[in-house]
Every structure is written in C-alpha cells, then in structure tokens.
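Q: Residue numbers (this note's numbering): -4 to 146.
(1) Would you mind stating whether residue 62 and residue 113 have Cβ atoms separated by less than 8 Å?
(2) At the level of alpha carbons, what is the spacing between residue 89 and residue 10?
(3) Taking DSSP's pairing of strands, which residues face residue 91 in a bridge?
(4) Under a Cβ-count criterion, where at least 16 other Cβ atoms within 10 Å of its own Cβ denotes burial, should residue 59 be classed as buried or exposed?
(5) Which residues in the same chain have their Cβ closer than 6 Å to the Cβ of residue 23, if we skip the five residues on either side of it in sequence?
(6) Which residue from 70, 68, 87 puts its Cα closest to that of residue 35?
(7) Rounded C-beta distance between residue 1 and residue 66? I'm assuming under 8 Å.
(8) In this structure, does DSSP put residue 43 in helix, strand or coil?
(9) Using the Cα positions of residue 141 and residue 5, report the straight-line distance between them to the nearest angstrom.
(10) Return the bridge partner residues of residue 85 from the DSSP annotation.
(11) What's the call for residue 8, buried or exposed, on a 16-neighbour Cβ count within 10 Å?
(12) Would you decide whether residue 74 is buried or exposed? Buried here means 16 or more other CB atoms lie within 10 Å of its CB.
(13) In three-state terms, what does DSSP make of residue 22?
(14) Taking the beta strand (DSSP E) that residue 113 falls in, what are its first and last residues?
(15) Nearest by alpha-carbon distance to residue 37: which of 91, 46, 102, 101 is it?
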C-alpha cells in the first residue's frame, strides 16, 4: 500500500491510496495529492465582525464569512466540529464558487474583507490570495496550518 506524505499543513499526514488525511480534504489518488472538494463552500455569507471572537478588530465592519468541511485540528469542545468533521455527509450541501466569485461577492456585499472560519482551510486562502490587489498586504492572515507563501 503506497503511502504519500501530505504537505499542505505542518501535520504532514501519511495518506494511503484512496484514503485521506486528518482534515478530510485531500486524498491520495495514484500517488497524487488531490483536493476532494475544490472551490466548494458550506457557508458564504456576510457577517459583522462582532459575531466572531475577534475583540476590537475592525468594529462595525462587515466581512464575508467563508467556510467548508474538514479541519486539520481536532479541538475538544469546538463549536464548529459538527459542521466540519463529517465531510462526506455534508458534501452534498456544498456550494461551488470560484475564488473570483468569492471576491466579487465580498465586493457586492460591501464587505471589508473575507474571513475563512469555522474550520481551517489554508488551501482556500492560497486559491484566493493571489487574486487580491497585493497578496503581501494581508496583515491579519492566520491559519492552523502555519504555512504562508505570501509572507
């Protein structure tokens, strides 16, 4: 059984053929790492920053909340675990949207930015970051994954 090392995040899962890593988002197909649900979102909706646990960050500003299924953490008591832990069961509820669609939606909704939340999907930041005017200007980018090609 061929094992493949996933390099998306620092956990570095060893994924056997046809299976997926801890986050449930990447699979080993013919010794290639394949994203299971590319450009697929569970939520894409405008929120006020006060609904997030981000004290004193951009008060009264609106952000586009974006999330999907799967997460590379397994935090005890995580409120989002129900929404992120069972990727297969929730995959039918995912909405397709390209990175350009996400940015256009944020602009249409007059959002100050985009918040990738409820789970940590570093890959979505990578897909979308290059479409911003200057990806190096991302001042408040955080990820459980800890790898940032734009820093």
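Glycine is no exception: its CB is placed at the ideal position from the N, C-alpha and C atoms.
A: According to the data block:
(1) yes
(2) Computed Cα separation, rounded: 24 Å.
(3) 35
(4) Residue burial is scored here from C-beta neighbours: residue 59 has at least 16 other C-beta atoms within 10 angstroms and is therefore classed as buried.
(5) Result list for residue 23: -1, 10, 12, in chain order.
(6) Ranking the options by Cα distance to residue 35, first place goes to 87.
(7) With a Cβ gap of about 14 Å, residue 1 and residue 66 do not count as contacting.
(8) strand
(9) The predicted model places residue 141 with a pLDDT of 39, which falls under 50 and marks its position as unreliable, so this point remains unresolved.
(10) Answer is none; residue 85 lacks a bridge partner.
(11) buried
(12) Answer is exposed; the Cβ neighbour count stays below 16.
(13) DSSP, read as helix, strand or coil, puts residue 22 in strand.
(14) Taken as a continuous stretch (DSSP letters only), residue 113 belongs to no beta strand (DSSP E), as it is neither H nor E.
(15) For the options 91, 46, 102, 101, the alpha carbon positioned closest to that of residue 37 is the one of 91.
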